[in-house]
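For the sequence shown, counting from 1, position 72 maps to 62 in this note's numbering; every step adds exactly one.
Note that CB positions come from ideal geometry on N, CA and C, so glycine has one too.
As the structure is a computational prediction, the values presented were derived from the model and not from experiment.
One structure is given below, encoded as structure tokens.
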Amino acid sequence: MAGRRILAVSGSLRAGSYNTALLRAAADLVPEDASMELLEPAILAGIEPFSSDGEDAPSDAVHAWRRELRAADAVLFATPEYNGSFPGHLKNALDWASRSDSDTAGLAGSALYGRDVAVVSASTGQFGAVWAQDALRTVLGRQGARVVDGPKVAVPRAAEAFANDDSLSDSGQATRLRELIGQLLAATEAIAAG
Ligand SMILES: Cc1cc2nc3c(=O)[nH]c(=O)nc-3n(C[C@H](O)[C@H](O)[C@H](O)COP(=O)(O)O)c2cc1C
């Protein structure tokens, strides 16, 4: 299936983010018949704290976030780890994504419902944010996303992990990342064929 589009979501709002660098490295590993686009950081940064009281009039950032998720064939998340889990602003954005514009849609109204997703991570610590990854997978699964169970890409000591061209210095990590992207795309094909 040609032309599949992966949305790449960095859980970091930091300008020099290693997780965003990891997504740039991932974009270079996407096969020619697919593409990967990075979510505009201002969208995540602009999402207000979730409250049911504000659901009738979400911000433009919330609308853009849901629209980008729904337009993608698959989503690749790269998450930092803050105190053993993924960042609060990303959880907040996922809570918004899980709520549809319609009161009656339930779980199926989630912008991520039935969507193929994969999770990678990078951290300056020695474990590469594995706890953040696991926590993020759990939350994605709870809102009906189909989480690809591919090779684990958790990049430790991120400050030394990238070459000048943003590629991963560790060829083993690059191989796992390429395989994970392949499995993510294969999952979208299975849906199209099914
Ligand atoms: C508030 C805070 C908490 C952190 N907690 C963890 C942690 O639990 N585990 C870890 O590996 N790194 C932790 N770090 C270090 C981050 O991995 C590091 O800042 C990383 O560069 C963040 O990702 P980014 O480069 O994509 O912004 C923490 C950093 C901050 C600012």
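Whole angstroms is fine: what's the gap from Leu66's alpha carbon to Gln123's? 12 Å
Taking the straight line between their C-alpha atoms, what separation do you get for Phe152 and Arg105? 30 Å
Say whether the segment 68 to 88 touches the segment 118 to 138, bearing in mind that this needs 3 or more beta-carbon pairs closer than 8 Å, one atom from each stretch. yes
Whole angstroms is fine: what's the gap from Trp121's alpha carbon to Ser75's? 6 Å
Look up Ile262 in the DSSP assignment and say whether it is helix, strand or coil. Residue 262 falls outside the range modelled here, since the chain spans only -9 to 184, and no answer is possible.
Verify the contact flag: Pro31, CB atom, against every heavy atom of ligand 1, threshold strictly below 7 Å. no
Quick one: complete alpha helix (DSSP H) runs, 4+ long, within the segment 15 to 59? 31 to 35
Taking the alpha carbon of Arg4 as the point to measure from, which residue in Tyr103, Pro31 and Leu158 has its own alpha carbon closest? Pro31
Entirely enclosed beta strand (DSSP E) segments - the segment 84 to 134, minimum 3 residues: 106 to 112
Measuring from the CB of Arg4, is there a heavy atom of ligand 1 at a distance below 7 Å? yes
For Gly134, tell me which candidate among Asp18, Arg(-5), Ile171 and Ser90 has the shortest Cα-Cα distance. Ser90
Beta carbon of Leu158, beta carbon of Leu102: below 8 Å? no
What is the residue span of the beta strand (DSSP E) that Leu(-3) lies within? Arg(-6) to Ser0
Which same chain residues end up closer than 7 Å to Ala11 when comparing Cβ atoms and leaving out the 5 residues on each side of it in sequence? Phe152 and Asp156
Asn186: which of Ala15, Arg168 and Val107 sits nearest, CA to CA? An answer regarding residue 186 cannot be provided, because it is not within the stretch -9 to 184 covered by the chain.
Does at least one heavy atom of ligand 1 sit under 7 Å from the Cβ of Ala83? no
Strand pairing of Tyr72, partner residues [DSSP]: Ser75
Using 8 Å for Cβ pairs, my map puts Ser111 next to Ala144. What's the rounded Cβ distance? 5 Å
Roughly how many angstroms separate the alpha carbons of Pro48 and Glu38, rounded to a whole number? 8 Å
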